[in-house]
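Contents: one structure, followed by commentary.
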Amino acid sequence: MTVTETKPAAAPTVTETITAPVPSRGARFTGAAANYIDERTSISGLVKELGRKIFPDHWSFMLGEVALYSFVVILLSGTFLTFFFQPSMAVVTYQGSYVPLKGIEMSAAYSSSLNISFDVRGGLLFRQIHHWAALLFIAAIGLHMLRVFFTGAFRKPREINWFIGFILFVLAMAEGFTGYSLPDDLLSGNGLQIINGIIKGIPVVGTWISYLLFGGEFPGTKLVALFYSVHILLLPAILVAALGAHLLLMIINKHTQFAGPGRTNDNVVGVPIMPIFAAKAGGFFFVVFGVIVLIASFFTINPIWTYGPYDPSPVSAGTQPDWYIGFADGMLRLIPPGWEVVFFNHTYSFNIIVITVILIAFLAIVATYPFVEAWITGDKREHHIAERPRNAPTRTAIGAAGVTFYAVLWAAASSDLMATHFKVTIEGVIHVLQVLFFLGPVLAFFITKRVCLGLQKKDREIALHGYESGRIVRLPGGEYIEVHEQLDDYERWRLVSFNEHQPLVLQADANGQISGAQRTRAALSRWFFEDRIAPATKTDLERSSEHH
Amino acid sequence: MAQHDDGGTTAATGSAVVRSEPPVAKSGTAVVPTNAFENPGLPPHRLRATDLDPQKDRIAERRVYTLFFLSIVGSVFAVAAYVAFPLVPGDTNSVRLNNVFLGIGISLGLLAIGIGAIYWSKNLMRGDEMTESRHPTRGTEATREQAVEIFKLGNKESGFGRRTLIRNSLIGALVAFPLPAVVLFRDLAPAADPVPQLKHTMWATGTRLTHDPSGTPIKAADVTIGSVFHVIPEGLNDKEDRLEQKAKAAVLLMRLKPEDLKISAGRESWNYDGIVAYSKICTHVGCPVALYEQQTHHLLCPCHSSTFDVTNECEVIFGPAARPLPQLPIAIDSAGYLIAQSDFTEPVGASFWERA
Chain A
1381 MTVTETKPAA APTVTETITA PVPSRGARFT GAAANYIDER TSISGLVKEL GRKIFPDHWS
1441 FMLGEVALYS FVVILLSGTF LTFFFQPSMA VVTYQGSYVP LKGIEMSAAY SSSLNISFDV
1501 RGGLLFRQIH HWAALLFIAA IGLHMLRVFF TGAFRKPREI NWFIGFILFV LAMAEGFTGY
1561 SLPDDLLSGN GLQIINGIIK GIPVVGTWIS YLLFGGEFPG TKLVALFYSV HILLLPAILV
1621 AALGAHLLLM IINKHTQFAG PGRTNDNVVG VPIMPIFAAK AGGFFFVVFG VIVLIASFFT
1681 INPIWTYGPY DPSPVSAGTQ PDWYIGFADG MLRLIPPGWE VVFFNHTYSF NIIVITVILI
1741 AFLAIVATYP FVEAWITGDK REHHIAERPR NAPTRTAIGA AGVTFYAVLW AAASSDLMAT
1801 HFKVTIEGVI HVLQVLFFLG PVLAFFITKR VCLGLQKKDR EIALHGYESG RIVRLPGGEY
1861 IEVHEQLDDY ERWRLVSFNE HQPLVLQADA NGQISGAQRT RAALSRWFFE DRIAPATKTD
1921 LERSSEHH
Chain B
683 MAQHDDGGTT AATGSAVVRS EPPVAKSGTA VVPTNAFENP GLPPHRLRAT DLDPQKDRIA
743 ERRVYTLFFL SIVGSVFAVA AYVAFPLVPG DTNSVRLNNV FLGIGISLGL LAIGIGAIYW
803 SKNLMRGDEM TESRHPTRGT EATREQAVEI FKLGNKESGF GRRTLIRNSL IGALVAFPLP
863 AVVLFRDLAP AADPVPQLKH TMWATGTRLT HDPSGTPIKA ADVTIGSVFH VIPEGLNDKE
923 DRLEQKAKAA VLLMRLKPED LKISAGRESW NYDGIVAYSK ICTHVGCPVA LYEQQTHHLL
983 CPCHSSTFDV TNECEVIFGP AARPLPQLPI AIDSAGYLIA QSDFTEPVGA SFWERA
């Protein structure tokens, strides 16, 4: 670096400048500027530390990047929107350019949202950029979490970062919901009515939480201002802090890499930040931004002007929340009639309590899964190799069960649309989904586990016996055989480089006791690892070649 | 911090545990294979076309700067589109054109930078993969010992562990200081208790039933069999808290053949010649129950598919709602207009803790 070269004794530098070619003006300026900054910030240390840090490459590692970049797009487009939006529920008479709503009474929030759409050049574009980017943000977080889950990239030392990522996921959904509510249109007001109903169903505190949230009775006149503070200040501040921690830990832990020749648990194979990763990732930011803008230019999202201002009375059939809230909305629909009791003069709304408990339990399992798996395996080593999902059959099956569970709830949110589109009864759709709610995850678990084990068996066979070459040979005896070709070392490594676990064997502790926790752990361990395929070893290969 | 539980003292530095090697992490139930395959190492690097052919290298270079120039064109185009496609009041097509052309310009400006940079890195920058070694995440033994030492010094110099009363009172103070935040949020809502408000609506004895949203009164004679009316109480539109009142008072009015109605004891006089009025607010989570199936006399909530049977006093026949829709007792006044006999006899809408 130029900065460090200027430091040593002055004399030799002077003599050198006579002989060495004079640096160009640009280079002299860059050097001087770098020197100026370093002498005031010591930033050369950071450049030295991070500049040539290696990042591994895989398409699935881009999912987290998409989430990060769409968040930047959200911040940029959202800031633009704040310049024009009025977070107020004061009643105004609409006087803007959209003729069908002219002269109608509405909140200032809805009126200013219409003005952004119809009276600010580029306003509609930025509203749509903001909304599309938000949808992409949550989708990318979801896919990123699935990638991390199914490759076991949450294992030590990354359990804490998984948890921070989970917090980001929840914050992103909260941001989505608060943002969706701000325009104060008919649909968003309906969504708030539903939230209000759910909150009221919470025992003991529900009524009061609703009362404080809406500043009195629903819908009140304060919610938009409250949600505005939460949406543009409180949640983003927490989100940015958590995001910073997430990225910092990613740098400290270094990125995982997929198993492959030359890649070990002790190295990182990839490209350096300067210049290749910076160019790729920086370029990718512009691609993500560009694609979002392109979608926003051609595809309408949330056309609030067609819904009208909020009014508690009208509603249209087939109302749908934004897709990421669908799973919660769907669960509301699966509860059978009549789940409410009055007990000691108080109302217990089990149609609300049950879904709240299930939802919290589901999120709690997602948040704590890495710690549970670490406890079951007792594996205290660091893991930097992203596993192929088939090589952890039980975990992959748990993930598939979770995805199925989510998908059933998600489908339930559109039960009425499915009924009308496929010409079946709403009752029929709901009853099928009620059955799938219990059966779906179980089926997904067993099928996925069998598929993983089958794939592992196939891998093992290919590693030991080679692949089918397609060449058929007739033996002197008349028998036909297909010739199998052995894999080369690089290809075989991809199939054999994984760890196998054995079920935990119960052992008495120093007092000759076996604790309940140990018993639970052993049972879970058996459930995890009873069915397993060992990775092929050299001994296996030698043995198998003897047979041929 | 860092409680070493497995002893192994190697040097006599008081009670401090000094160790040069970090402990080997337990592998748990993982099987460490004995005769596993060896990692074959990185496969030989394959050169790209741009590495081998200077002609291709020049073409790639040209593509990259062309893309960057294209980006400038896109951004300038966006500025031009901003001016060239103004918004014409009342013309939604002008909004569409502004949206599309501004968007095309901006996205071209962005995409060309992105694609150019990625193409540059993939074809012209160094193409082979590099290796960097990882280090255990935990600090080195020396660092950890220094950290422990710092905490010990901190403890010693402050007396944090020794002066227990200072320590405990500090912890108490830190627990107590956020307490004001609990009360500070009370004034988000008005002083009045929410429960009485939730239990009553605008309907009162003699309040006329009027059309939603116009507010014109409804004559019983105009309600034909099979028809359905969306109803609000008279005077609602002049209310300061119009939306809050409407959120509780919205009503659906239907006329059925009197013989189709099953009427329970005590409700005989609540309908007028087959005209019945029910709360429009779903007893599940409060959506408006807006869909009426004339043939079956079912009311359907579009939010979560709760279905109510109007012939049977809006009993829940499907969906997650737990209670029937409350019925509004109605009659007619001397002019033949429909009026309410009283408020609803139970709270409307979603359940709440203090409802019963």
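The listed protein sequences correspond, in order, to chains A and B. Residues are numbered in our numbering as their position in the first sequence, beginning at 1, plus a constant of 1380. Residues are numbered in our numbering as their position in the second sequence, beginning at 1, plus a constant of 682. Positions of the beta carbon are idealized from the N, C-alpha and C atoms, including for glycine.
Item	Value
Any chain B beta carbon closer than 9 Å to Ala1897(A)	no
Where the alpha helix (DSSP H) containing Thr1459(A) begins and where it ends	1442 to 1462
Assigned exposure category for Lys928(B) - 16 Cβ within 10 Å defines buried	buried
The beta strand (DSSP E) enclosing Met1525(A), as first and last residue numbers	Where Met1525(A) is concerned, there is no enclosing beta strand (DSSP E), although the alpha helix (DSSP H) it sits in stretches over 1503 to 1530.
Simplified DSSP state of Asp739(B), which is helix, strand or coil	helix
Chain-ordered residues of the region 995 to 1017 of chain B with a beta carbon less than 8 Å from chain A	Val998, Ile999, Phe1000, Gly1001, Pro1002, Ala1003, Ala1004, Arg1005
Where His912(B) falls: helix, strand or coil (DSSP)	strand
Check: Thr1784(A) C-beta below 8 Å from any heavy atom of the ligand ATP	The ligand ATP is absent from the structure shown, which contains no ligands of any kind.
Beta carbon of His1635(A) nearer than 9 Å to that of Gly1624(A)	no
Buried/exposed call for Gly888(B), threshold 16 Cβ in 10 Å	exposed
Buried versus exposed call for His1524(A) [16 or more other C-beta atoms within 10 Å across all chains shown]	buried
Buried/exposed call for Ser1925(A), threshold 16 Cβ in 10 Å	exposed
Coil, strand or helix - His1845(A) by DSSP	helix
Residue of Ala762(B), His727(B), Phe859(B) minimising C-alpha distance to Arg808(B)	His727(B)
Endpoints, beta strand (DSSP E) assigned at Ala1022(B)	1020 to 1022
Beta carbon proximity, Gly1773(A) to chain B, threshold 9 Å	What sits at residue 1773(A) in the sequence shown is Pro, not Gly. Taking Cβ atoms only, chain B never reaches closer than 9 Å to Pro1773(A), which makes this a no.
Closer than 9 Å to chain A by CB, Lys804(B)	yes
Test: Trp1907(A) CB closer than 9 Å to a CB of chain B	no
Straight-line Cα distance separating Tyr1690(A) from Asn1570(A)	8 Å
Nonlocal neighbours in the same chain, by C-beta distance under 6 Å from Gln1836(A), ignoring five residues either side	Arg1770, Ile1913
Best match in Leu1562(A), Gly1846(A), Glu1910(A) for proximity to Phe1349(A) [C-alpha to C-alpha]	Because chain A in this structure spans residues 1381 to 1928, residue 1349(A) falls outside the shown range and cannot be described.
Cβ contact (3+ pairs, closer than 8 Å) linking the region 1810 to 1819 of chain A and the region 1783 to 1799 of chain A	yes
Same chain, Cβ closer than 7 Å to Ala1916(A), neighbours up to 5 away in sequence not counted	Arg1840, Ala1843, Leu1844, Val1876
Sequence-distant residues of its chain with Cβ nearer than 7 Å to Arg745(B) (five each side left out)	Tyr801
Minimum Cβ-Cβ distance from Phe1607(A) to chain B less than 9 Å	no
Gly841(B) in three-state terms, based on DSSP	coil
Exposed unless 16 or more other CB atoms sit within 10 angstroms - verdict on Asn717(B)	exposed
Where Gln1573(A) meets chain B, residues with beta-carbon distance less than 8 Å	Ala929, Val967, Gly968, Cys969
contact_flag[the region 1529 to 1537 of chain A, the region 1743 to 1760 of chain A] where n(CB pairs < 8 Å) is 3 or more	yes
Touching by the beta-carbon criterion (3+ pairs, under 8 Å), the region 1472 to 1479 of chain A and the region 839 to 857 of chain B	no
Check whether Ile1931(A) and Leu1443(A) have beta carbons under 9 Å apart	Because chain A in this structure spans residues 1381 to 1928, residue 1931(A) falls outside the shown range and cannot be described.
For Gln1009(B), the residue or residues it bridges with in DSSP	Tyr960(B)
C-beta neighbour in chain B for Leu1886(A), strict 9 Å	no
Contact the region 1501 to 1518 of chain A vs the region 1725 to 1733 of chain A: 3+ CB pairs below 8 Å	no
Of the listed residues Gly1001(B), Ala1017(B), Pro1006(B), nearest to Pro1717(A) (C-alpha basis)	Gly1001(B)
Continuous alpha helix (DSSP H) stretch holding Leu856(B): start and end	846 to 858
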